[in-house]
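**Student:** Residue numbers (our numbering): 9 to 299.
(1) How many angstroms separate the CA atom of residue 85 from the CA atom of residue 238?
(2) For residue 129, write down the residues that DSSP places opposite it in a beta bridge.
(3) So, do the stretch 228 to 243 and the stretch 164 to 175 have three or more beta carbon pairs nearer to each other than 8 Å?
(4) Since I believe residue 146 is in contact with residue 254 (beta carbons under 8 Å), could you give me their beta-carbon distance rounded to a whole number of angstroms?
(5) Would you kindly check if the distance between the Cβ of residue 129 and the Cβ of residue 302 is under 7 Å?
(6) Cutting at 6 Å between CB atoms, please list the residues of its own chain near residue 250, excluding the five before and the five after it.
(7) Could you have a look at residue 29 and say whether DSSP puts it in helix, strand or coil?
(8) Take the Cβ of residue 240 as the centre, count every other Cβ of all protein chains shown within 10 Å, and call the residue buried at 16 or more, exposed below.
(9) At which residues does the alpha helix (DSSP H) containing residue 282 begin and terminate?
(10) Identify every run of the alpha helix (DSSP H) within the stretch 180 to 218, keeping only runs that are complete inside it and at least 4 residues long; order them along the chain.
(11) Less than 8 Å between the CB atoms is what I'm expecting for residue 122 and residue 162, so what's the real figure, rounded?
(12) Hey, residue 58 and residue 69: beta-carbon distance below 7 Å or not?
(13) Would you report the Cα separation of residue 286 and residue 299, rounded to the nearest angstrom?
(14) What are the boundary residues of the alpha helix (DSSP H) that includes residue 168?
(15) Taking all protein chains shown into account, decide if residue 151 is buried (16 or more other Cβ within 10 angstroms of its Cβ) or exposed.
(16) Beta-carbon within less than 7 Å of residue 160's beta-carbon, same chain only, minus the 5 sequence neighbours each way: which residues are those?
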């Protein structure tokens with residue numbers, strides 16, 4: 009057999025096999041979660057599994073939550089808040105029944121995000137709490153955009169809250185590599201994804217979607233987060249785009265340049281409308297950050 013033909017066969021065979029960077033995303037995330045770097049991840053994963061069943065058993069869910077004081081305290085606080093409370097809930101089972109699956113999923117996502125997004129991300133030169141601030145701005149922006157569209161508000165809040173959680177995985181890889189050079193951003197559209205893929209084979213959106221998959225988040229949330237750097241093709245993706253835009257506008261640094269075609273579809277293409285909408289987002293986000 010000729011050398012040319014052998015080289016051709018080898019090249020085809022190599023092309024048909026997944027590269028190490030393509031195949032190890034799930035392993036990287038699995039190792040990250042197993043390291044304990046993401047607080048409450050095991051508790052939230054189990055809760056999400058229970059909520060994703062067609063008819064979850066409130067008693068089973070309450071029994072599981074009793075083992076996690078952070079989740080229990082937050083659920084009880086919300087259930088007994090003035091918005092929900094007709095009379096105080098005496099037990100966690102009462103609180104679970106009162107709130108329902110959508111509100112519980114939102115609470116669990118918020119507790120997970122708040123517990124994990126409080127450390128500096130040296131790979132991105134981001135100070136402590138910056139990721140949490142970004143998450144809240146994006147969540148509020150996505151939720152308010154979903155309200156304009158008549159779309160899934162709880163789902164929009166969740167994708168906004170969790171859309172950058174993969175950057176925690178990237179930061180761990182960066183620390184392990186002892187790389188002194190921070191990641192470079194190419195601007196709002198793709199952010200740090202080009203440099204992330206160059207160094208680690210995947211960008212933070214891929215790691216984010218894999219984290220959410222392994223924590224049993226709903227498929228529509230996983231998919232939307234994983235495609236955040238593509239042109240939005242669903243109302244939930246449009247909501248996340250505006251959420252990302254809102255947190256970018258609130259951050260220090262160059263002002264992002266939005267896609268006018270996307271804003272036109274949302275009737276936010278006029279500067280006055282856009283500025284007024286972002287002022288509403290900022291006021292609500294600041295209130296939630298301070299609460």
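Even for Gly, the Cβ is constructed at its ideal location relative to N, Cα and C. For clarity, every value in this text was computed on a predicted model and none was experimentally measured.
**Tutor:** Let's see:
(1) Cα to Cα, the separation comes out at about 38 Å.
(2) In the DSSP assignment, the residues bridged to residue 129 are 134.
(3) Touching, yes.
(4) That pair is a contact at about 6 Å.
(5) Past the boundaries of the shown model lies residue 302; the chain is included only from 9 to 299, so the question cannot be answered.
(6) Around residue 250: 149 and 153.
(7) Any reading at residue 29 needs caution, since the residue's pLDDT is 49, under 50, leaving its predicted position unreliable; the model's value is listed next. Note: residue 29 maps to helix in three-state DSSP.
(8) Sixteen is the threshold: when 16 or more other Cβ atoms of the shown chains lie within 10 Å of the Cβ of residue 240, as they do, the residue is buried.
(9) In the DSSP assignment, residue 282 falls within the unbroken alpha helix (DSSP H) covering 279 to 298.
(10) Within the stretch 180 to 218, the complete alpha helix (DSSP H) runs of at least 4 residues are 201 to 208.
(11) Not quite, the Cβ-Cβ distance comes to about 17 Å (not below 8 Å), so this is no contact.
(12) The criterion of a C-beta distance shorter than 7 Å is satisfied by residue 58 and residue 69.
(13) The alpha-carbon atoms of residue 286 and residue 299 are separated by roughly 20 Å.
(14) Its alpha helix (DSSP H) spans residues 161 to 170.
(15) It is buried - the Cβ of residue 151 has at least 16 other Cβ atoms within 10 Å.
(16) Closer than 7 Å at the Cβ level, and outside the excluded window around residue 160, lie 154 and 244.
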